[in-house]
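Report on the following structure.
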């Protein structure tokens, strides 16, 4: 055998050996079949927010039930990350920036965001809260909405407390032009009130309860109907790409809802630990002002609230025109996930 014939024979033998190895479950890099499959299985990021005003998010983050559900279904390639939302406005900002896939908001900010072009859908209603009221500092002589005329009121624009303020003013013959709205994030609004930098504050729990209990702040106006529901929203991009993961998230939310109803004291502890607040503050927020014994399916009850608030979005120039709000409300909900979760 000459040198050329020997080289050809050697090459042929190596090819046969490689083929045989692959047939026995190894790829050309020497990985076993399972290893090769794992390498080829792309990692999927599942990015959710958590918020003090969303008790289910706190429970899921604390218990790890979402991660467990993914593992139970063999979805080890799905990586869960949690990002805190300090308010509906921050949740919407993160959804708009594609920094999260799921964001917790009140109903009105979700509608406003969609009307202004943020591609989000509401897949779950996590609570019917009384999370906002109008509050003044201890010792203040103000005791009614009418007394706010000409005063400085702290509120976080784009969130439920801000829309609560607008509704309260309208109900008492005033508008936003009759007060000076000081745009501050919720916790900063509390600080401004207690330091006397503003006359009143459209507050949000747990900061609201904390200010009442710790500093003697007093509520001058409450109205459950002026609070919109708690919405869990998902980006349309993620919903279209991973509807099966959306279902797992909504299923997990329903598991958390059921657990909170049966274990209110333990849920209060999770909130108190997460927010670093006194148990009495957490208990007031969660057991007195947060209703979670509701249907998780977005629909008529939420629409009734949003239809009442929609004209304010237009009159305050928060949207281009009324048609944008109407179109957004018609396409905001994706109720099929919560329907299935409730049925199961």
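In mature numbering (1 follows the signal peptide of the UniProt record, and there is no 0), the protein residues as written are -23 to -1, 1 to 321. Cβ atoms here follow ideal geometry from the backbone N, Cα and C, with glycine treated the same way.
Buried or exposed: residue i, going by 16 or more other Cβ atoms within 10 Å of its Cβ?
| i | result |
| --- | --- |
| residue 279 | buried |
| residue 14 | Confidence at residue 14 is low in this model, with a pLDDT of 41, below 50, so the placement of that residue should be treated as unreliable; the coordinate-derived value is given next. Flag for residue 14 reads exposed. |
| residue 182 | buried |
| residue 256 | exposed |
| residue 264 | exposed |
| residue 232 | buried |
| residue 228 | buried |
| residue 116 | exposed |
| residue 207 | buried |
| residue 62 | buried |
| residue 308 | exposed |
| residue 101 | buried |
| residue 240 | exposed |
| residue 176 | buried |
| residue 28 | buried |
| residue 65 | buried |
| residue 9 | With a pLDDT of 38 at residue 9, under the threshold of 50, the predicted position of this residue should be treated as unreliable, though the coordinate-derived value follows. Classification for residue 9: exposed. |
| residue 26 | buried |
| residue 24 | buried |
| residue 123 | exposed |
| residue 38 | buried |
| residue 172 | exposed |
| residue 33 | buried |
| residue 90 | buried |
| residue 67 | buried |
| residue 50 | exposed |
| residue 106 | buried |
| residue 267 | buried |
| residue 217 | exposed |
Return no unless some Cβ of chain B is closer than 8 Å to the Cβ of residue i.
| i | result |
| --- | --- |
| residue 196 | This model lacks chain B altogether; it includes just one protein chain. |
Give the C-beta separation of residue i and residue j to the nearest angstrom, bearing in mind that I take them to be a contact with Cβ-Cβ under 8 Å.
| i | j | result |
| --- | --- | --- |
| residue 161 | residue 131 | 5 Å |
| residue 251 | residue 84 | 23 Å between Cβ atoms; not a contact. |
| residue 302 | residue 88 | 7 Å |
| residue 145 | residue 198 | 5 Å |
| residue 69 | residue 95 | 6 Å |
| residue 271 | residue 237 | Contact doesn't hold; Cβ gap of about 12 Å is too wide. |
| residue 97 | residue 221 | 19 Å between Cβ atoms; not a contact. |
| residue 194 | residue 258 | With a Cβ gap of about 12 Å, residue 194 and residue 258 do not count as contacting. |
| residue 316 | residue 282 | Incorrect: roughly 20 Å between the Cβ atoms, too far for contact. |
| residue 163 | residue 21 | In fact, because the Cβ distance is near 32 Å, the residues do not count as touching under 8 Å. |
| residue 150 | residue 166 | Incorrect: roughly 24 Å between the Cβ atoms, too far for contact. |
| residue 262 | residue 248 | 7 Å |
| residue 109 | residue 209 | At roughly 19 Å, the Cβ-Cβ gap does not stay under 8 Å, so residue 109 and residue 209 are not in contact. |
| residue 18 | residue 54 | 5 Å |
Strictly by DSSP, which residues pair up with residue i?
| i | result |
| --- | --- |
| residue 27 | 61 |
| residue 56 | 22 |
| residue 195 | 113 |
| residue 178 | 112, 131 |
| residue 208 | 82, 102 |
| residue 267 | 106 |
Starting from residue i, trace the beta strand (DSSP E) in both directions and tell me its first and last residue.
| i | result |
| --- | --- |
| residue 103 | 97 to 106 |
| residue 129 | 129 to 132 |
| residue 80 | 79 to 83 |
| residue 203 | Element bounds for residue 203: n/a, residue is neither H nor E. |
| residue 159 | 157 to 160 |
The alpha helix (DSSP H) that contains residue i, what's its start and end?
| i | result |
| --- | --- |
| residue 350 | Residue 350 lies beyond the range of the chain shown here (-23 to 321); nothing can be said about it. |
| residue 271 | Looking at the DSSP string, residue 271 is not in any alpha helix (DSSP H), and its letter there is neither H nor E. |
| residue 293 | Residue 293 -> no alpha helix (DSSP H), and no H or E assigned at all. |
| residue 120 | Premise fails: residue 120 is in no alpha helix (DSSP H) and is neither H nor E. |
| residue 136 | Run containing residue 136: none; DSSP gives neither H nor E here. |
| residue 298 | It is not in any alpha helix (DSSP H) - residue 298 carries neither H nor E in the DSSP assignment. |
| residue 75 | Where residue 75 is concerned, there is no enclosing alpha helix (DSSP H), given that its DSSP letter is neither H nor E. |
| residue 43 | 42 to 49 |
| residue 171 | 163 to 171 |
| residue 312 | Careful: residue 312 lies outside any alpha helix (DSSP H) and carries neither H nor E. |
| residue 153 | First-last for residue 153: undefined, no H or E at that position. |
| residue 256 | 256 to 260 |
Closer than 7 Å to a non-hydrogen atom of the ligand COA - does that hold for the CB of residue i?
| i | result |
| --- | --- |
| residue 66 | The ligand content of the structure shown is nil, which means the ligand COA is not present either. |
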